[in-house]
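All remarks here apply to the structure that follows.
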Amino acid sequence: MLGQPYCPSNIQQIIDDLVSEISKQPAAGQVANYIPALAEVDPNAIGVALATINGECYTAGDAEKDFSIQSIAKIYALVMAMLRNDDSMWERVRMEPSGQAFNSIVQLESEQGIPRNPMINAGAIVVADMLVNQYSSSNHAFLQFIQKLCAKQDIHFDEDVFVSEQQHGHRNAAMAHLMKAFNNIHADVDEVLAHYFFQCSLAMSCKDLANSLLFLANKGKQPKHAEPVCSRRDCHRINAILSTSGMYDQSGEFAFQVGLPAKSGVGGGIVAIVPGFGVIAVYSPRLNQF
Ligand code: DON
55 MLGQPYCPSN IQQIIDDLVS EISKQPAAGQ VANYIPALAE VDPNAIGVAL
105 ATINGECYTA GDAEKDFSIQ SIAKIYALVM AMLRNDDSMW ERVRMEPSGQ
155 AFNSIVQLES EQGIPRNPMI NAGAIVVADM LVNQYSSSNH AFLQFIQKLC
205 AKQDIHFDED VFVSEQQHGH RNAAMAHLMK AFNNIHADVD EVLAHYFFQC
255 SLAMSCKDLA NSLLFLANKG KQPKHAEPVC SRRDCHRINA ILSTSGMYDQ
305 SGEFAFQVGL PAKSGVGGGI VAIVPGFGVI AVYSPRLNQF
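Throughout the sequence shown, residue numbering follows my numbering, covering 55 to 344 in sequence.
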């Protein structure tokens, strides 16, 4: 029917079959180990959650297992920054795909410390700077924002991951200092990095992730909330950025093969927005090279 999203009646069967099929395949990929705490997870975990804007949530495998959301956090941070800033924020972080790895530093010098987009680390660090400057307690505000989206109070951060990130985040520190030299970081660099690492260290499940991001599939509004999370225009803009930059230097191939706005994290999660329908979140900590 026109205007109704396609919704097969056997979604549960589809995702159950998917998880069992994938579990039988030979293991491929490596768990992230450049942050030691991330290497300690079960490499064979696999979970899927599909939340719809109609209030259904289908899950399979380890869908309720908490894991480190890592760069998926960049979505929430961007929404929070867009809520507090006008279009001038896009002079500090652009909206172009970078075609580079998530932690690449090469473009930053030639582009005067202005990151290509808010999904690569450099861009997320600029966004973290905005939050540190504009929210009285950015960690608390960030956590509260997500708890409200999930309608759940027990979303927490993983201290071991946080400490591990701080001890091994040399590339992030290098980028933050370079951007400070270009006057594109306004707060204290250590404070900005601490907030950025806090975001990365949040632990959530596929189910939480899928439910929390429904507003991006629903023109900016969480289905059961009275007030919109963001405007329709900002919702559209966030999905545009996820489509072009959410999967870093594999964004083109992902758009070609899957065709959905999406974001990955080195913890092994990927979320994908299906506008007008819902959100799919998957977890499998074995990563490919991207
Ligand atoms: O900045 C880092 O190194 C990590 N804490 C976050 C990276 C991440 O998840 C990148 N991508 N998928």
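Heads up, the beta-carbon is just placed ideally off N, CA and C, and yes, glycines get one too.
- Look at the beta carbons and you see the segment 113-126 touching the segment 324-343: at least three pairs across the two are nearer than 8 Å.
- L256 is bridged by DSSP to F211.
- Boundaries for G115: no alpha helix (DSSP H) harbours it, while the beta strand (DSSP E) harbouring it runs C111 to G115, taken from the DSSP string.
- Relative to ligand 1, the beta carbon of F331 is positioned no closer than 7 Å to any heavy atom.
- With contact defined as three or more Cβ pairs closer than 8 Å, the segment 230-249 and the segment 101-108 are not in contact.
- Bounds of any alpha helix (DSSP H) do not take in K275, whose DSSP letter is neither H nor E.
- Inside the segment 301-340, DSSP marks whole beta strand (DSSP E) runs of 3 or more residues at positions 316-318, 323-328 and 332-337, from first to last along the chain.
- Spatial neighbours of L203 in its own chain (CB-CB distance under 8 Å, excluding positions within 5 residues in sequence) are listed in chain order as Y130, N265, S266, L267, F269, Q276 and V283.
- Exposure of C61 is indicated by the presence of fewer than 16 other C-beta atoms within 10 angstroms of its C-beta.
- The DSSP-derived three-state label of G177 is helix.
- Y302 and A155 have their C-alpha atoms roughly 6 Å apart.
- The segment 104-118 makes no contact with the segment 151-170, as fewer than three CB pairs between them are under 8 Å.
- In this structure, the alpha-carbon of K234 lies about 16 Å from that of V160.
- Where L268 is concerned, there is no enclosing beta strand (DSSP E), because DSSP gives it neither an H nor an E.
- Q124 has its CB nearer than 7 Å to a heavy atom of ligand 1.
- Classified as buried, Q253 has 16 or more neighbouring CB atoms from the shown chains inside 10 Å of its CB.
- If you look at L92, you'll find it isn't in any alpha helix (DSSP H); DSSP assigns it neither H nor E.
- For G101, the pairing in a beta bridge is given by DSSP as G115 and Y337.
- Between G167 and V147 the beta-carbon gap is near 10 Å, outside 8 Å, which marks them as no contact.
- Straight-line measurement puts the Cα of E213 at about 15 Å from the Cα of V95.
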